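**Q**
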Amino acid sequence: MLKKLLKYDLEWCYRPLIVFYLLAIFFSIIVRIIESFEQNLILLIIDKICCGVVIAMIISILINCFMRNWVRFIRNVYKDESYLTHTLPVSKNTIYLSKILTAIITLLTSFIVIIICLAISSLNKETWLILKESLEQSAIYFDSSVFSLIFVFIITIFFEFLFIMMSGILGIIIGHRSNNLKIIKSIVIGFAIYIILSSMSIGALFIAGLLNSDIMSLFNNIEVSSNALKSMMLVGALVYAIYNLGIYFVGNRLLNKGVNVD
Amino acid sequence: MELVKCNNLCKEFDGKQILSNINLTIQKGNIVGLLGKNGMGKTTLIKLINDLLIPTSGEILINGEKPGINSKKIISYLPERTYLDKSMKVSQIITFFDKFYDNFNKEKAIRLLKDLDLDINLKISKMSKGMQEKLQLILVMSREAELYILDEPLGGVDPATRDYILDTILSNFNEEASVIISTHIISDIERILDEVIFVDKGKIVLTSSTDKLREKENASIDEIFRRYFKC
Numbered sequence: 043m044l045k046k047l048l049k050y051d052l053e054w055c056y057r058p059l060i061v062f063y064l065l066a067i068f069f070s071i072i073v074r075i076i077e078s079f080e081q082n083l084i085l086l087i088i089d090k091i092c093c094g095v096v097i098a099m100i101i102s103i104l105i106n107c108f109m110r111n112w113v114r115f116i117r118n119v120y121k122d123e124s125y126l127t128h129t130l131p132v133s134k135n136t137i138y139l140s141k142i143l144t145a146i147i148t149l150l151t152s153f154i155v156i157i158i159c160l161a162i163s164s165l166n167k168e169t170w171l172i173l174k175e176s177l178e179q180s181a182i183y184f185d186s187s188v189f190s191l192i193f194v195f196i197i198t199i200f201f202e203f204l205f206i207m208m209s210g211i212l213g214i215i216i217g218h219r220s221n222n223l224k225i226i227k228s229i230v231i232g233f234a235i236y237i238i239l240s241s242m243s244i245g246a247l248f249i250a251g252l253l254n255s256d257i258m259s260l261f262n263n264i265e266v267s268s269n270a271l272k273s274m275m276l277v278g279a280l281v282y283a284i285y286n287l288g289i290y291f292v293g294n295r296l297l298n299k300g301v302n303v304d
Numbered sequence: 046m047e048l049v050k051c052n053n054l055c056k057e058f059d060g061k062q063i064l065s066n067i068n069l070t071i072q073k074g075n076i077v078g079l080l081g082k083n084g085m086g087k088t089t090l091i092k093l094i095n096d097l098l099i100p101t102s103g104e105i106l107i108n109g110e111k112p113g114i115n116s117k118k119i120i121s122y123l124p125e126r127t128y129l130d131k132s133m134k135v136s137q138i139i140t141f142f143d144k145f146y147d148n149f150n151k152e153k154a155i156r157l158l159k160d161l162d163l164d165i166n167l168k169i170s171k172m173s174k175g176m177q178e179k180l181q182l183i184l185v186m187s188r189e190a191e192l193y194i195l196d197e198p199l200g201g202v203d204p205a206t207r208d209y210i211l212d213t214i215l216s217n218f219n220e221e222a223s224v225i226i227s228t229h230i231i232s233d234i235e236r237i238l239d240e241v242i243f244v245d246k247g248k249i250v251l252t253s254s255t256d257k258l259r260e261k262e263n264a265s266i267d268e269i270f271r272r273y274f275k276c
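Here the protein sequences line up with chains A and B, keeping their order. For the first sequence, the residue numbers in the numbering used here are 43 to 304. For the second sequence, the residue numbers in the numbering used here are 46 to 276.
(1) How would you list, in chain order, the residues of chain B whose beta-carbon sits under 8 Å from the beta-carbon of residue 133 of chain A?
(2) Can you list, in chain order, the residues of the region 178-205 of chain A whose Cβ is nearer than 9 Å to any Cβ on chain B?
(3) Using the beta-carbon of each residue, which ones in chain D are nearer than 7 Å to residue 130 of chain B?
(4) Would you decide whether residue 220 of chain B is buried or exposed? Buried here means 16 or more other CB atoms lie within 10 Å of its CB.
(5) Using only alpha-carbon positions, find the residue among A/83, A/303, A/152 that is nearest to residue 66 of chain A.
(6) From which residue to which residue does the alpha helix (DSSP H) around residue 179 of chain A run?
(7) Report back the beta-carbon spacing between residue 115 of chain A and residue 214 of chain A to the nearest angstrom; my notes put them in contact at under 8 Å.
(8) Skipping 5 residues on each side, what residues in its chain have a beta carbon closer than 6 Å to that of residue 170 of chain B?
(9) Nearest to residue 284 of chain A by alpha carbon, out of A/61, A/159, A/131, A/205?
(10) Apart from the five residues on each side of it in sequence, which residues of its chain come closer than 8 Å, Cβ to Cβ, to residue 185 of chain A?
(11) According to DSSP, is residue 247 of chain B part of a helix, a strand, or is it coil?
(12) Which word fits residue 48 of chain B, buried or exposed, when buried means at least 16 other C-beta atoms lie within 10 angstroms of its C-beta?
(13) Span of the beta strand (DSSP E) holding residue 122 of chain B?
(14) Going by C-alpha distance, which of A/244, A/196, A/125, A/160 is nearest residue 304 of chain A?
(15) Residue 149 of chain B CB to nearest chain A CB: under 8 Å?
(16) Starting from the beta carbon of residue 213 of chain A, find every residue of chain B whose beta carbon is closer than 9 Å, and list them in chain order.
(17) Check whether the region 195-202 of chain B and the region 171-185 of chain B are in contact - that is, three or more C-beta pairs closer than 8 Å.
(18) Helix, strand or coil: how does DSSP classify residue 86 of chain B here?
(19) Could you work out which residues of chain A lie near residue 96 of chain B, taking near to mean beta carbons separated by less than 8 Å?
(20) So, does the region 152-160 of chain B touch the region 93-109 of chain B, judging by three or more C-beta pairs under 8 Å?
(21) Strictly under 8 Å for the Cβ-Cβ distance: is residue 111 of chain A near chain B by that measure?
(22) Anything in chain B within Cβ reach of residue 46 of chain A, meaning under 7 Å, just list it in chain order.
(23) Could you spell out the range, first to last residue, of the alpha helix (DSSP H) harbouring residue 127 of chain B?
(24) To the nearest angstrom, how far is it from the Cα of residue 212 of chain A to the Cα of residue 128 of chain A?
(25) Going by DSSP, which residues form a beta bridge with residue 78 of chain B?
(26) Look at the alpha carbon of residue 144 of chain B and the alpha carbon of residue 80 of chain A, and state the distance between them as a whole number of angstroms.
(27) Considering only the beta carbon of each residue, do residue 135 of chain A and residue 294 of chain A sit closer than 8 Å?
(28) Output, in sequence order along the chain, the residues in the region 253-273 of chain A whose CB is closer than 7 Å to any CB in chain B.
(29) Taking residue 47 of chain A as the reference, give the member of B/141, B/242, B/243, B/208 with the closest Cα.
(30) Using a beta-carbon distance below 8 Å, is residue 124 of chain B in contact with chain A?
(31) Note down, in chain order, every chain A residue with its Cβ under 8 Å from the Cβ of residue 99 of chain B.
(32) Report the partner residues of residue 188 of chain B according to the DSSP bridge assignment.
(33) On the three-state DSSP scale, how would you describe residue 233 of chain B?
(34) Between residue 174 of chain B and chain A, is there a C-beta pair that is closer than 8 Å?
(35) For residue 145 of chain A, I'd like the list of residues in its chain whose CB is within less than 8 Å of its CB, leaving aside the five on either flank, ordered along the chain.
(36) Helix, strand or coil for residue 180 of chain B, going by three-state DSSP, please let me know.
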């Protein structure tokens, strides 16, 4: 049943996202082609316009990814379509898991498309050499390999974006437990969850800093050590992973207690 | 055999009692009319049976179990509103039902679509509200369920189609199955009801077999309803 639900959820979320993916890739290629020609004023203007379109498409991909997942959740779990969702012979756990997996998959593919677009539009021989050099220098500074550096960086950013998505979903679940002003309450609660947990992670980092002078250098004006930055990235990824799991279980528990559809 | 049983069922919204102390038993093989004026708690009771609301207190048992996956397998529910994904085509929603419900009869659904002149390739967003309601009724009645719950099935339908819908209801469920029909349009449905339940201000005020009630009051159910709920 999870597979069937997931198929329909993904289809619904990807329908407009695919268009933005294709447009973003298309304009990235255009930028790349234009930049390969000898520059004149007209080409420069077209190049700048296309660069602007690529940036707009990347922002649209992110906004659409979040909005489509949240809107799908509200419609399927609390609005008109919930009359069908909750009368399917499927457990609430499965319904919830399908939504969360859809959020993870769409966010992941959006990340991949954004990276591809940036690579197509910006990476040429010159920028590649600069990037390679700075990555190698950073790797030496962090005492790690280039691969693990990129991996930890992308994972941390991905988990943080997923944390925003999950905070929104938990906000929707809690906001819809009341009988009025559900959408406003969902937004306020989702935002509060994000702010409170983010503050808690900074607080936790500060407490860790009391025990470790390297980490404390993040809060002082003194030079930040590579160890501190490395710890911050690793702790960040770990903390966001824990938050995401925590939010998942709290949401699942609340949803299993039952829903009051509109 | 008891199919649905409600014990001291209560539902409150913001401190307002919508249903209070509902005790109800629905036997297998009956067509039951859940009758009452608008806003008296009929839909709330139906939503509770379908696990769409959390009871404030009391319990509901379907075939002896609380509402859950097993009850959803045997209940075919037609809500008062349209619940279909508007971006889908009729053919896609039929495939959807076929995938999720083991007891869905696809051939029957396609036959009923033809009877009601609904195009299988039409997009749901292009259909009128009445057409969407017909489609939902077809989907619901094409399941071989043990309990059909129809909330205002005649609400948005023209009188000419009402008879067809009632015939569809009568001819599309087996004798072991039960039907709960919630409505305030009594005259059209009273001919098919075995039992009536009158709901007023969140309470069940009368439960009776239709024949006994007609005999006792020497009037049609419609007349009895009008007398009972006179403003």
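Glycine included, C-beta positions come from ideal geometry on N, C-alpha and C. These numbers come from a predicted model, not from an experiment.
**A** The answer reads as follows:
(1) 113, 114
(2) none
(3) Protein chains in the displayed structure are A and B, and chain D is not among them.
(4) exposed
(5) A/152
(6) 167-184
(7) 6 Å
(8) 131
(9) A/205
(10) 268, 272
(11) coil
(12) buried
(13) 120-123
(14) A/125
(15) no
(16) Going along chain B, no residue has its Cβ under 9 Å from residue 213 of chain A, so there is no contact; the nearest lies around 20 Å.
(17) yes
(18) coil
(19) 128, 129, 300
(20) no
(21) no
(22) 144, 145
(23) Unbroken run through residue 127 of chain B: none, as it is neither H nor E.
(24) 18 Å
(25) B/226, B/241
(26) 57 Å
(27) yes
(28) none
(29) B/141
(30) yes
(31) 299, 300, 301, 302
(32) B/149
(33) helix
(34) no
(35) 111, 204, 207, 208, 211
(36) helix
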